[in-house]
Structures are given as structure tokens and as C-alpha cells.
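In what follows, a single structure is set out as C-alpha cells and then discussed.
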Amino acid sequence: MKNLAELTRKDFPIFNYQKEAKDNLIYLDHAATSQKPFEVINALENYYSYNNANVHRGAHQLSAKATEAFEKAREITAKFINASSSKEIIFTRNATEAINLVAHSWGDYQIKEGDEILLSLMEHHSNLVPWQQLAKRKGCVLNHIGITQSGELDMEDLQRKLSSRTKLVSIVHISNTLGCCNSIRQIVEMASKVGALVLIDACQSLAHRKIDIQSLNIDFLAGSSHKLCGPTGIGFLWARQKHLEQMPPFLGGGEMIDEVRLDSSTWADLPHKFEAGTPAIGEAIGMGSALQYLQKIGLENIYSWEKELTEYLFEKLLRINDIRILGPIPDKQLNRGALATFSIKDIHSNDIAELLDSNNICIRSGHHCCQPLHHHYSIKSTARASLSFTSTKNEIDIFVDELFSIITFLKQNS
Ligand SMILES: Cc1ncc(COP(=O)(O)O)c(C=O)c1O
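Numbering (my numbering), first residue to last: 12 to 425.
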């Protein structure tokens, strides 16, 4: 297996500019946001230093240069997921906004009272709340697919809950808490039998494995740049062109119009119809650079290295007494996300995270924006360590050793 950490850590300033060895950062919170390589930081700096201008509107050369770089980022994004046209890529602020766009635009136009939208218990709040708001507006019904004993999507429950009333299955690809990887092809096959569309929340999968939207045969995909080694403030919605053409604009204003009269307007062509106002130009360019960086490393290589690391992480964590790990335990066959969410009996996850932080180890604690999932397991808070291709076995060793010491310390002092 290629040790990608050895090859790539030099690309990230954050891993190279610690003042002293003791400051060495162990960042195990990649699922919350990824670290940024020089290439991305340079792309942002380059744009703001030499190419800064508004896009699509200036008659001058600088605007033409900015527009070219911005539209190139759209093409890179389309290629990254194998979209058939860059017109199908709508830049948004993040994945949350992409899902809101679908809920408002597609939802307000397509959904009627009594229609059903099928979600799951493991969804991030950003794939729950927009649908709750739609249900309030339109009187549709939300249904939630359950979870199996082993912490995976219950496909039999999905089958039971699908009906001719189901208009959309909106589902996470890799759960940011359980780490399970949902079988999208199978979900699409089942949903299509009742004529339902499928949206996938690909926040936790796009940086970790190759995604080909044509082979998945989905209808919508939401992604966030900051999970992909890119800047914050930019994400994207991919949707089939036929849906985008029928959907009304989400937000109104400049950039998204064709012609404006005092009492009415007509809309610009795709994708601009859905991009009101000045977009996050430098950030889109930065995202393009991040996607090219990931492609250079190779998504297959990333998948293999992270799989090895995840098995190693679990092997070590499972030696801890009183640990409860949510989601499926990885093995050679299991296609699983590179993270472990856990709780330790009688210890609050915030205490664990704070004590680890005092040793420069960053993990996340809380509900990870999955409160309903935590309610399902009757726990308020869990700790989560999440990996990337820059992670090392040495980092995992230090993290688990510290975790052992913290547990011993807290148990002795409780
Ligand atoms: C599975 C999942 N969905 C959605 C989101 C929301 O992403 P963003 O806040 O970038 O919109 C996240 C972020 O943590 C996530 O992990």
C-alpha cells in the first residue's frame, strides 16, 4: 500500500510550520474540515493578487481572465464527478445551501400535499432541516429509513417505506457519524421502481473515493469544497440538466437574469439561473485547484491508504475497555468511511476532546450535527476521530495512547 502521508504531508503548510517538535499537531478532525495544501492557498493568493475582477460582466481583460478561471473551476468540478456538462454544476456556498436549493426550487415546484420524502435517521441536520421546512410549506410527509444493529442503513426498511407517494430519497453517501457507506446504486434501483428521484449528500465521500454520478444514476448531488482540501464559502450542487431546466430560480438578483422589467424578469441560461449575485470567485478557483490536487494524488490511492488506516485505528480503539463505537466495524470487505465515532462509559466526550487538545490532538466531540441519530442511540454526545490521506499510523498510536491515559486519569479522579 502506498503511504500517502509520506508523499503528501509536505504539501500542507499546517503540518510543516509548527514552532517546535512538541507543537506537532495531530489533526484528526478531517471530517469537520480538511486542511489546505499550498496549491490551493497559492491559487487563492494568485487570484486576489493578480486576477481579481468581477465575473461575467466586465468589458475589460481582467474580468475576462477572472471569468475564464471561474468557469474553468466549474469544468474541473464537472469532470471530478463525471458530469456530462458543466452547465449541471451550480456553485453554492456549501453543501447545505445546495440541499436548500433543491428543497426550495425543486421542492416548491414539484411537491404537493401528501407526497413523501424519504430521509434516514443518520442524516446530517443539513439534510433534515430543509426538508422539514419544505414539509411545513407544502404539507408533504417526511419518512426516515432506520438503521440496522450493526449501524448501517436498513435496506429492508427502505423497501418497506418506498411507495408511489415517495417523490425523493435524499440520503447521505458516507455518514459523518456512523461512517457507513450507503449503497447508492441499490438505493437508486429501488427508488426508480416507484419513480422517486435520489439526492446524495456527498460531503464525506467526495474526498475519499471516486464518484461517478453517471454510473450512480442519481438525480442530485451536494458537495462542500472545505471537505475537499478547498476553501470555505464554496460548494456545489450537481443536478441533471432536465431537472435544472424545469426548476425555478432559488434566489433572485443580478447575474441570474436575462431581462428585467419593473414588474417581471426572465432568467439566464444554466447554470447562471441559479447563481444570483457576485459569486465566491476566488473560492471557486481555489476549489478547482483542490480537486485537481486530489486527482493528482489519485482517489483510488486515497481510498486504499485510508482503508488501511481505518482498520488500524479500529484495531487499536477496540482494545479499550468500556468503549462503544457507533457504526459498522471495518473489515477487509467493508466499504467504510475513514472515521471512528465513540463514547466511553461514564466519561463525557467533551472532557476527552479537551484533554486531547491540551496535547495538540484535535478530535471532535458533540452530536456532529446528527442529533436525531444520537437520540436513536440514547446518547447526547460522542467523540469522533476522522482521518485523511495525510494521516499516519504514528498519529493514531499517539492518539490512542493519550486516550488510554486520559481514560485512566478521569476514572481515577471521578
Ligand atoms: C454528511 C454531511 N452532510 C452535510 C454537511 C454540511 O456541510 P456544510 O456545512 O459544508 O454545508 C456535513 C458537514 O459536516 C456533513 O458531514
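No residue lacks a Cβ here, since even glycine has one placed at the ideal position from N, Cα and C.
Distance, Gln252 Cα to Ala213 Cα
Here residue 213 refers to the residue found at position 202 when the sequence shown is read from its first residue. Here residue 252 refers to the residue found at position 241 when the sequence shown is read from its first residue. Ala213 and Gln252: Cα-Cα distance of roughly 19 Å.
Helix, strand or coil for His359, going by three-state DSSP, please let me know.
In the sequence shown, the residue the question calls residue 359 occupies position 348. Three-state result, His359: coil.
Nearest neighbour of Ile100, chosen from Phe261, Gln344, Leu232, Leu189 [CA to CA]:
In the sequence shown, counting from the first residue as 1, residue 100 sits at position 89. Closest option to Ile100, Cα to Cα, is Leu232.
Does the beta-carbon distance from Met133 to Ser186 come in below 8 Å?
Here residue 133 is taken as the residue at index 122 of the sequence shown, counted from 1. Here residue 186 is taken as the residue at index 175 of the sequence shown, counted from 1. In this structure, Ser186 lies closer than 8 Å to Met133 by Cβ.
Beta-carbon separation of Met201 and Gln225 under 8 Å?
In the sequence shown, counting from the first residue as 1, residue 201 sits at position 190. In the sequence shown, counting from the first residue as 1, residue 225 sits at position 214. For the 8 Å CB-CB criterion, Met201 and Gln225 do not form a contact.
With C-beta atoms as the reference, is Thr401 less than 8 Å away from Arg20?
Counted from its first residue, the sequence shown places residue 401 at position 390. Counted from its first residue, the sequence shown places residue 20 at position 9. Yes.
Quick check on this structure: which residue in Ser360, Ile374, Asp368 has the alpha carbon closest to the alpha carbon of Ile390?
Here residue 390 refers to the residue found at position 379 when the sequence shown is read from its first residue. The candidate whose alpha carbon is nearest that of Ile390 is Ser360.
Since Ile80 is in the alpha helix (DSSP H), which residue starts that stretch and which ends it?
Looking up residue 80 in the sequence shown gives position 69. In the sequence on display, residue 80 carries Ala and not Ile. Unbroken alpha helix (DSSP H) run through Ala80: 72-91.
Below 8 Å between beta carbons: does that hold for Ile336 and Ala84?
The residue you call residue 336 lines up with position 325 of the sequence shown. The residue you call residue 84 lines up with position 73 of the sequence shown. Not closer than 8 Å, so no.
For Ser203, tell me which candidate among Thr277, Gly118, Leu227, Ile122 has the shortest Cα-Cα distance.
If you number the sequence shown from 1, residue 203 lands on position 192. Shortest Cα-Cα distance from Ser203 to any of Thr277, Gly118, Leu227, Ile122 involves Leu227.
Restricting to Cα atoms, I'd like to know which of Val199, Tyr304, Asn312 is closest to Leu239.
Locating residue 239 in the sequence shown gives position 228, where the first residue counts as 1. Checked all of Val199, Tyr304, Asn312; the closest Cα to Leu239 is Tyr304.
Please go through the same chain and pick out, in chain order, the residues whose beta-carbon is closer than 6 Å to the beta-carbon of Ser97, but skip the five residues on each side of it.
One-based indexing of the sequence shown puts residue 97 at position 86. Annotation for Ser97: Arg85, Glu86, Ala89 place their beta carbon closer than 6 Å to its own, counting only its chain and skipping 5 residues before and after.
With distances taken from CA atoms, which of Val271, Gln306, Leu164, Asp119 is nearest Gly150?
Working through the sequence shown from its first residue, we reach residue 150 at position 139. Answer by Cα proximity: Asp119.
Paired residues, beta bridge with Leu210 - DSSP:
Your numbering for residue 210 matches position 199 in the sequence shown. Leu210 pairs with Ser181, Phe231.
Does the distance between the C-beta of Gln215 and the nearest non-hydrogen atom of ligand 1 fall short of 7 Å?
Locating residue 215 in the sequence shown gives position 204, where the first residue counts as 1. Yes, the beta carbon of Gln215 sits closer than 7 Å to at least one heavy atom of ligand 1.
Boundaries of the beta strand (DSSP E) in which Asp269 is found, first to last residue
Working through the sequence shown from its first residue, we reach residue 269 at position 258. Segment 268-271, the beta strand (DSSP E) holding Asp269.
The beta strand (DSSP E) enclosing Ala396, as first and last residue numbers
Against the sequence shown, residue 396 aligns to sequence position 385. First-last of the beta strand (DSSP E) with Ala396: 393-397.
Integer-rounded CB distance, given that Thr393 should sit under 8 Å from Ala349
Sequence index remark: in the sequence shown, residue 349 carries index 338 (1-based). Sequence index remark: in the sequence shown, residue 393 carries index 382 (1-based). Distance from Ala349 to Thr393 at the Cβ level is roughly 17 Å; contact not present, criterion being Cβ atoms closer than 8 Å.
Identify, in the order they occur along the chain, each residue of the same chain with its Cβ nearer than 7 Å to the Cβ of His155, setting aside the five sequence neighbours on each side.
Sequence index remark: in the sequence shown, residue 155 carries index 144 (1-based). Within the same chain, His155 has close Cβ partners Leu130, Ser131, Leu132.
Strictly by DSSP, which residues pair up with Ala106?
Here the question's residue 106 lines up with position 95 in the sequence shown. None, per the DSSP bridge assignment.
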